[in-house]
Structure formats: C-alpha cells, structure tokens
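Take the sequence shown: its position 122, counting from 1, is numbered 104 in this note's numbering, and each next residue is one higher.
All C-beta atoms in this analysis are idealised placements derived from N, C-alpha and C, irrespective of residue type, glycine included.
These figures come from a predicted structure and were not determined experimentally.
Heads up, the thing below is written out as structure tokens.
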Amino acid sequence: MSDKVALISGVTGQDGAYLAELLLSKGYRVHGIKRRSSSFNTERVDHLYEDPHENDPRFRMHYGDLTDATNLIRLVQEVQPDEIYNLAAQSHVQVSFDTPEYTANADAVGTLRFLEAIRILGMEGRTRFYQASTSELYGKVQEVPQRETTPFYPRSPYAAAKLYAYWITVNYREAYGMHASNGILFNHESPIRGETFVTRKITRAVAAIEAGAQDCLWLGNLDAQRDWGHARDYVEGMWRILQQDTPDDYVLATGEMHSVREFVELAFGQLGVPIEWRGEGIDEQGIDTRNGRVLIRIDERYFRPTEVDQLLGDPSKAKRVLGWEHSTPFRQLVSEMVDSDMRAFRGTNSFQRRAMGE
Ligand code: NDP
Ligand code: GDR
C-alpha cells in the first residue's frame, strides 16, 4: 500500500470519482478540488466522503477553481501533493462554442496556473503532474489510427484550449525538468458519464422511453465515429503514467471505433427493440420496427459548427511501456450503462451504488 498524497482537480466529475476511488484503494491520501455551486455537485463522490472531524480522513475536498491562481497555489502548498491529476475542465465540446473564452480560461490557462503553482512553490522535484489531454486534439483526421506522433488539428474552442494545455505541459517538462505528462485519452464513458454526452444521453433515453417518461430521443450527427472505452479502465492508465520514472505522453484508447448510430442500435437492442433507419439528413428517423413508433429524431441544434468525424486510437505505446490495456468490450460498456439507467428509472437502486457500477 502507498502512503502518497494526491490532489485531483475535477474530482466531482466522471473521471475524478473513478480516480479518487482507485487511489484510495491503493492507500493514497486523496485531496479533491470541488467548485462552489448553488446546488449539490458532489453526488459522484459522496460515497467516499469522510467526516472531516474524524481522525485523519483519507479523502478530503477543498473549494477551488482553475480560474483562481491564488487558490491553486494555496492548495498545492497546503496539500504538498506527490501527484497532481488535473482533470478539471469545461469538458463539453459543443458548449465550448457557446463559452469559448471561459473554456480557454479554465482548460488552457487553468493548466498553466497549476504548473506555475508547482514552480512558484519550488515543488518541481517532488510533485508529478498529469494533464487530461484528449483525442479531440486530433480533430480533423490526418492519420488513422491516431497515435502520439499524429499531427494535431483542433476543431473546437475546447480542443484549441486543450492544445495549449498539452503543449504547456510538455514545455514545463522540458524547461524546468518537471515530471509532467499528458494522457491523450479517447472517449471513455460509464454509468456516471455526464448526462449531456451522447452515450449517456442515449442510455438514459432508452430507460426513460421504456418507462414511458419520454416519447423520443433527439440527436445530432449519427455518423460521427468514436473510440469508446470505460472510464474505470482509463483512470488506471492515468495512474500508471505517473508511476513511470520518466515523464512522457501516451494515447489511451481501445483501438475500436463505432458510430453514434451503432451505439443507438445496441442500446435499444438491449431492451429487444430493433431500430430501423428511414429518411435522410435532418429528416432521418429511427423507427421501432415492431410497431412503427418513431424513437429517434434529428435536431440540427445538436450539430457542431465544425465536427470531428472519426476518432480511432492506437494504444500500442501505452501497452508496451505502461502495460496498460482497456478491459471492457464495447458491448459490455453499453449494456452496463443501459442497465444502470434502467435501474435508476425503476428506482431500485441508490445513486451511489449505481455510480460505481456496484
Ligand atoms: P466531467 O465534465 O465529468 O468533469 C469535469 C470536472 O471539472 C467536474 O468536476 C467539474 O466540476 C470540474 N470543473 C469544471 N470547470 C472547472 C473549473 N473552472 N474549476 C474547477 N473545476 C472545474 O469530465 P470527465 O470526468 O469526463 O473528464 C475529465 C477530464 O478529462 C476533463 O479535463 C476532460 O476534458 C478530459 N477528457 C475526458 C474524456 C472523456 O471521454 N471523458 C476524454 C479525454 C479527455 P462540476 O462537477 O462542478 O461541474
Ligand atoms: P465528444 O463527446 O464531443 O467526443 O467529447 P460527445 O458525447 O459530446 O459527442 C460525441 C459525438 O456524438 C455526436 N452527437 C451528439 N453529441 C451530443 N453531446 N449530443 C447529441 O445529441 C449528439 N448527437 C450526435 C457529436 O456530434 C460527436 O461527434 C468527449 C468529451 O468527454 C470531451 O471532454 C473529450 O475530450 C472527448 O470526448 C474525447
């Protein structure tokens, strides 16, 4: 068991919750940064909560924000982390077109603020830094599959902000000898995926439609293709990246690609509902072939000004150097997500148990 100290930004998000759980299971003391919010935003980690009045809690949360440099400096100083996992971000690609400046502030400059905090405090020799980089950096396809050497071509304010974060992480490694690494992670999902990302939007809709609480599901580009893995597998990869003697950048992916359309078919198929596609473009519909009911409709508001059509990762470096491989097949991921949302709609399970897939 380890007695290391980790600081996780974005601990209330999907990956933050899985990573906190993983590190606690390895004996780490885990400090998480949460944002002040007018409503509760800690649902995903409430099951890890320990009363701060208890002796020596192993999991603590602190208020903070990536847009506040003084806050980050103070937290790094107080916590004295061996490892920092910078997972906080405005992480929704479509929303970044609506909030480009905020996205740049949090996702790009926020990363710089963290790196500067380490440097200002003279902790370069002690603290290892993980940056949550993304397959969105590859954007407009230059090479298939995408690997660490594939050129970047960001296609959204989110991806452009993450491009800065990627390079500033590399630069601080080279300039100041920091143990700073990028995980270039392809899409990863889970039962606690944010509800507005397409996979979770679909699996929730399957459950809601089945329960009679929703008529149909409105989607955008059905032909987008992604390399979808399970978040539980990917946080293990993040941890392995920081355990290497030498900092470096790694692609984490499954090496398999599916379209949004296939995801829909598989998710509804889970309930025995066969989908047939009729019409074209904005008029396309997904029909339940058993009764002719329209289950999927297209809404142009979900199309992005610039789309990333196809992402497929080559995780061979991660396999070779880190010994990392994803372990959850695509079908299992979809079925785990549908099952979890079905249980939630039937009200047979608590969020916390659902949250970590039991
Ligand atoms: P989520 O959207 O689920 O979580 C994002 C987290 O960041 C939340 O805890 C959120 O807080 C927090 N956050 C947002 N803005 C700020 C801010 N200004 N200051 C402090 N905290 C903030 O994302 P994921 O868990 O899915 O992803 C984790 C990271 O990995 C992100 O950086 C994402 O961009 C990146 N990534 C994700 C991939 C994926 O497929 N999931 C793939 C590649 C990269 P709150 O809960 O209050 O909203
Ligand atoms: P992505 O995930 O943009 O890949 O970013 P998202 O699930 O939002 O979109 C995937 C693809 O599905 C298409 N799509 C829709 N998307 C959403 N959200 N809603 C819809 O109704 C819809 N219909 C079709 C999109 O156009 C897109 O092509 C995620 C985030 O987690 C990022 O933070 C992360 O960096 C990348 O994955 C890797």
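From the DSSP output, in three-state form, read off residue i for me.
{"i": "methionine -17", "result": "coil"}
{"i": "histidine 29", "result": "helix"}
{"i": "glutamine -4", "result": "helix"}
{"i": "valine 316", "result": "helix"}
{"i": "phenylalanine 41", "result": "strand"}
{"i": "glycine 261", "result": "coil"}
{"i": "arginine 283", "result": "helix"}
{"i": "glutamate 171", "result": "strand"}
{"i": "serine -9", "result": "strand"}
{"i": "alanine 114", "result": "strand"}
{"i": "arginine 129", "result": "coil"}
{"i": "arginine 325", "result": "helix"}
{"i": "arginine 302", "result": "helix"}
State the Cα-Cα distance for the pair residue i and residue j, rounded to the nearest angstrom.
{"i": "tryptophan 259", "j": "glycine 268", "result": "5 Å"}
{"i": "tryptophan 200", "j": "alanine 235", "result": "28 Å"}
{"i": "glycine 254", "j": "glycine 104", "result": "59 Å"}
{"i": "arginine 40", "j": "valine -7", "result": "14 Å"}
{"i": "glutamate 36", "j": "valine 290", "result": "48 Å"}
{"i": "leucine 4", "j": "proline 127", "result": "29 Å"}
{"i": "aspartate 197", "j": "leucine 145", "result": "39 Å"}
{"i": "proline 133", "j": "lysine 122", "result": "10 Å"}
{"i": "histidine 368", "j": "aspartate 270", "result": "For the chain, the structure presents residues -17 to 340; residue 368 sits outside this window and is missing."}
{"i": "valine 242", "j": "valine 217", "result": "24 Å"}
{"i": "serine 317", "j": "isoleucine 278", "result": "19 Å"}
{"i": "glycine 107", "j": "aspartate 64", "result": "10 Å"}
{"i": "alanine 51", "j": "alanine 141", "result": "22 Å"}
{"i": "proline 311", "j": "isoleucine 102", "result": "44 Å"}
{"i": "threonine 209", "j": "glutamate 171", "result": "The displayed chain sequence assigns aspartate, not threonine, to residue 209. Taking the straight line joining both Cα atoms gives about 10 Å."}
{"i": "tyrosine 45", "j": "glutamate 266", "result": "46 Å"}
{"i": "valine 276", "j": "valine 77", "result": "28 Å"}
{"i": "glutamate 156", "j": "threonine 228", "result": "12 Å"}
{"i": "arginine 186", "j": "alanine 249", "result": "10 Å"}
{"i": "glutamate 282", "j": "glycine 202", "result": "6 Å"}
{"i": "glutamine 72", "j": "asparagine 87", "result": "9 Å"}
{"i": "alanine -1", "j": "alanine 195", "result": "28 Å"}
Does the distance between the C-beta of residue i and the nearest non-hydrogen atom of ligand 1 fall short of 6 Å?
{"i": "leucine 383", "result": "Because the chain spans -17 through 340 in this model, residue 383 falls outside it and cannot be assessed."}
{"i": "glutamine -4", "result": "yes"}
{"i": "arginine 17", "result": "yes"}
{"i": "glutamine 341", "result": "The question about residue 341 has no answer here: the residues shown for the chain are numbered -17 through 340."}
{"i": "alanine 88", "result": "yes"}
{"i": "asparagine 37", "result": "no"}
{"i": "threonine 348", "result": "With the chain represented from -17 up to 340, any question about residue 348 goes unanswered, as that position is not in the structure."}
{"i": "glycine 176", "result": "yes"}
{"i": "alanine 114", "result": "yes"}
{"i": "glycine -8", "result": "yes"}
{"i": "leucine 4", "result": "no"}
{"i": "asparagine 23", "result": "yes"}
{"i": "histidine 170", "result": "yes"}
Report yes if the C-beta of residue i is less than 6 Å from at least one heavy atom of ligand 2; otherwise report no.
{"i": "phenylalanine 245", "result": "no"}
{"i": "valine 75", "result": "yes"}
{"i": "asparagine 164", "result": "no"}
{"i": "isoleucine 237", "result": "Checking the displayed sequence, the identity of residue 237 turns out to be glycine instead of isoleucine. Every heavy atom of ligand 2 is 6 Å or more from the Cβ of glycine 237, so no."}
{"i": "valine 180", "result": "yes"}
{"i": "glycine 202", "result": "yes"}
{"i": "glutamate 65", "result": "no"}
{"i": "serine 117", "result": "yes"}
{"i": "alanine 206", "result": "yes"}
{"i": "valine 123", "result": "no"}
Output the boundary residues of the beta strand (DSSP E) element that contains residue i.
{"i": "serine 163", "result": "162 to 167"}
{"i": "leucine 248", "result": "Looking at the DSSP string, leucine 248 is not in any beta strand (DSSP E); the run it does join, the alpha helix (DSSP H), is 242 to 251."}
{"i": "glycine 14", "result": "11 to 16"}
{"i": "tyrosine 232", "result": "231 to 234"}
{"i": "valine 276", "result": "275 to 280"}
{"i": "glutamine 267", "result": "267 to 270"}
{"i": "tryptophan 200", "result": "199 to 201"}
In terms of residues, what are the limits of the alpha helix (DSSP H) holding residue i?
{"i": "asparagine 153", "result": "139 to 158"}
{"i": "leucine 94", "result": "92 to 102"}
{"i": "alanine 213", "result": "213 to 224"}
{"i": "glutamate 65", "result": "Unbroken run through glutamate 65 is the beta strand (DSSP E), 65 to 68; no alpha helix (DSSP H)."}
{"i": "arginine 186", "result": "180 to 192"}
{"i": "isoleucine 52", "result": "It is worth fixing the name first, because residue 52 is threonine in this sequence and not isoleucine. Counting along the chain, the alpha helix (DSSP H) containing threonine 52 begins and ends at 51 to 61."}
{"i": "phenylalanine 79", "result": "75 to 80"}
Chain D beta carbons: is any one of them nearer than 7 Å to that of residue i?
{"i": "aspartate 265", "result": "Here chain D cannot be found, since the structure has a single protein chain."}
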